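Notes follow once the structure below has been shown.
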Amino acid sequence: MTAAHSPARRSRLYTVVGVLLTAVMLFPVYWMLNVSLTPQQDMRKSPPDLLPLHPTFEGYRAVLNDQMPYLGTSLLIGLGTVALTLVLAAPAGFALAKLRPRGGGLLGLVLLVAQMIPGIVMAMGFYGIFLDLGLLNSWWGLIIADSTIAVPFGVMIFTAFMSGIPGELIAASRIDGAGTFRTFWSIVLPVSRNALVTVSLFSFLWAWSDFVFANTLDGGGDWRPITLGIYHYIGNNNQEWNAIMATAVVASLPAAVLLVLAQRYVAAGVTAGAVKD
624 MTAAHSPARR
634 SRLYTVVGVL
644 LTAVMLFPVY
654 WMLNVSLTPQ
664 QDMRKSPPDL
674 LPLHPTFEGY
684 RAVLNDQMPY
694 LGTSLLIGLG
704 TVALTLVLAA
714 PAGFALAKLR
724 PRGGGLLGLV
734 LLVAQMIPGI
744 VMAMGFYGIF
754 LDLGLLNSWW
764 GLIIADSTIA
774 VPFGVMIFTA
784 FMSGIPGELI
794 AASRIDGAGT
804 FRTFWSIVLP
814 VSRNALVTVS
824 LFSFLWAWSD
834 FVFANTLDGG
844 GDWRPITLGI
854 YHYIGNNNQE
864 WNAIMATAVV
874 ASLPAAVLLV
884 LAQRYVAAGV
894 TAGAVKD
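Residue numbers (my numbering): 624 to 900.
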């Protein structure tokens, strides 16, 4: 009987441990929500309230009044980064997976190394280039910068996924008279939906949450993203913490919704190519 009940006990133990670890990881999110509802005069209360006993929505009113332009800029930069990443990464992934160009292995190594370069190093390099080209303080400059992080990742995901597409499918399209571009557009892309969603999601999240590029390349422009808009509430002698946390909550909602909606596509996309038949 002990042996029979042992797997059930282990299962319950794993469940309890999983719930506790999840609660620990999600506690900062809860505290962010709690502070966003806390009145300004209660911010320095000791000990702090674990629950918003006297909630206020002043922080969220401030977000609606002050932060909408920053949110719109972040949305524009995020969607632009997704579009540019897909335009560059999908054809490159197809070429590496199916056309096997000379030097493809070396290119894959270069893309892997590109993922290891610290963001601040890339930001300083971009600053010098953008200064010469007049691209500082522009939203499309940030799209280009953010895409340099998303494109290498996208190429690797597309290469892994498209390598699993049966060669017979490509050969059949060529027998029917389709050229390389037509095969890519009409055959390969439709069956690469999981990879498309995965690359799009991560590209958008990187651009949406970027701070290093935004602070370096667009610190004083009119097109500042939400990661810089939050500084609207931070001064030398005043920090509006409920507004800051309310902004963080609102800025987190699009990412959370996208992750929930695209979860199953992402799971399939990031594991593509891991197992070969």
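Even for Gly, the Cβ is constructed at its ideal location relative to N, Cα and C. These numbers were taken from a predicted model, which means no experiment stands behind them.
task: Please look up how many angstroms separate the CB atoms of Ile810 and Ser796, rounded, as I've assumed it's under 8 Å.
output: Between Ile810 and Ser796, the beta carbon gap of about 5 Å places them in contact (Cβ cut-off 8 Å).
- request: Tell me whether the beta-carbon of Trp846 lies closer than 7 Å to the beta-carbon of Ala773.
  value: At the C-beta level, Trp846 and Ala773 stay beyond 7 Å of one another.
field: Contact check, Ser826 vs Thr696, beta carbons under 7 Å
entry: No.
query: Assuming Ile766 contacts Thr704 under a Cβ cut-off of 8 Å, what Cβ separation, rounded to an integer in Å, is found between them?
result: Taking C-beta atoms under 8 Å as the contact rule, Ile766 and Thr704 qualify, at a distance of about 5 Å.
query: Mapping DSSP to helix, strand and coil, what is Gln663?
result: It is helical.
task: Note down the Cα distance separating Val642 from Tyr653, rounded to an integer number of angstroms.
output: The alpha-carbon atoms of Val642 and Tyr653 are separated by roughly 15 Å.
query: How is Gln862 classed by DSSP in three states: helix, strand or coil?
result: Note: Gln862 maps to strand in three-state DSSP.
task: Starting from the Cα of Ala874, find the closest Cα among Ile853, Ile743 and Asn865 and give me that residue.
output: Of all alpha-carbon atoms in Ile853, Ile743 and Asn865, the one lying nearest the alpha-carbon of Ala874 is that of Ile853.
message: Please report the distance separating the alpha-carbon of Ile752 from that of Met745.
response: Per the coordinates, the alpha-carbon of Ile752 lies some 11 Å from the alpha-carbon of Met745.
message: Considering only the alpha carbon of each residue, which of Gly716, Leu699 and Val647 lies closest to Ser786?
response: Checking every option, the nearest Cα to that of Ser786 belongs to Gly716.
field: Where the alpha helix (DSSP H) containing Trp762 begins and where it ends
entry: Here the alpha helix (DSSP H) through Trp762 covers Trp762 to Ser786.
- prompt: Quick one: what does DSSP say Ile740 is sitting in, helix, strand or coil?
  reply: Coil at Ile740, not helix or strand.
task: Could you please give me the residues that DSSP links to Ile857 through a beta bridge?
output: Secondary-structure assignment with DSSP links Ile857 through a beta bridge to Gln862.
message: Relative to the C-alpha of His855, which candidate in Gln690, Asn657 and Asp665 has its C-alpha closest?
response: Nearest option by C-alpha distance: Gln690.
query: Counting only runs that start and end within the region 662-731, where is the alpha helix (DSSP H) found for 4 or more residues in a row?
result: Runs of the alpha helix (DSSP H) lying entirely within the region 662-731, each at least 4 residues long, are 681-685 and 691-717 in chain order.
task: Whole angstroms is fine: what's the gap from Asn760's alpha carbon to Gly742's?
output: Rounded to the nearest angstrom, the gap between the Cα atoms of Asn760 and Gly742 is 18 Å.
message: Tell me the rounded alpha-carbon separation between Leu882 and Ile849.
response: Each residue's Cα considered, the two are about 19 Å apart.
Buried versus exposed call for Phe680 [16 or more other C-beta atoms within 10 Å across all chains shown]: With a threshold of 16 other beta carbon atoms within 10 Å, Phe680 falls short and is exposed.
- request: Would you grab the beta carbon distance between Ser823 and Phe784 for me? Rounded to a whole angstrom, and I think it's under 8 Å.
  value: Contact doesn't hold; Cβ gap of about 13 Å is too wide.
query: What residues in its chain sit with their C-beta under 6 Å from that of Leu719, if we drop five residues either side in the sequence?
result: Answer for Leu719: Gly727 and Thr782, listed in chain order.
message: Just verifying my parser: in three-state terms, what is the DSSP assignment at Phe834?
response: Note: Phe834 maps to coil in three-state DSSP.
field: Coarse secondary structure for Val898, derived from DSSP in three states
entry: Any answer about Val898 is weak, because its pLDDT of 46 lies below 50 and its placement is not dependable; what the coordinates show is given next. Looking at Val898 - three-state DSSP - the assignment turns out to be coil, as it is neither helix nor strand.
Coil, strand or helix - Ala801 by DSSP: In the displayed model, Ala801 falls within coil according to three-state DSSP, outside both helix and strand.
Residue from Ala794, Gly731, Leu812 and Ala737 whose Cα sits closest to the Cα of Met779: Per the Cα distances, Gly731.
query: How long is the line joining the alpha carbons of Leu812 and Pro724, rounded to whole angstroms?
result: Taken atom to atom, the span from the alpha-carbon of Leu812 to that of Pro724 is near 19 Å.
Distance CB(Phe836)-CB(Ala794) smaller than 7 Å: Cβ atoms of Phe836 and Ala794: not closer than 7 Å.
task: Give the straight-line distance between the Cα atoms of Thr645 and Leu876, rounded to the nearest whole angstrom.
output: Approximately 19 Å, taken between the alpha carbons.
- prompt: Within 10 angstroms of its Cβ, does Ser669 collect 16 or more other Cβ (buried), or is it exposed?
  reply: Exposed, by the Cβ-count rule.
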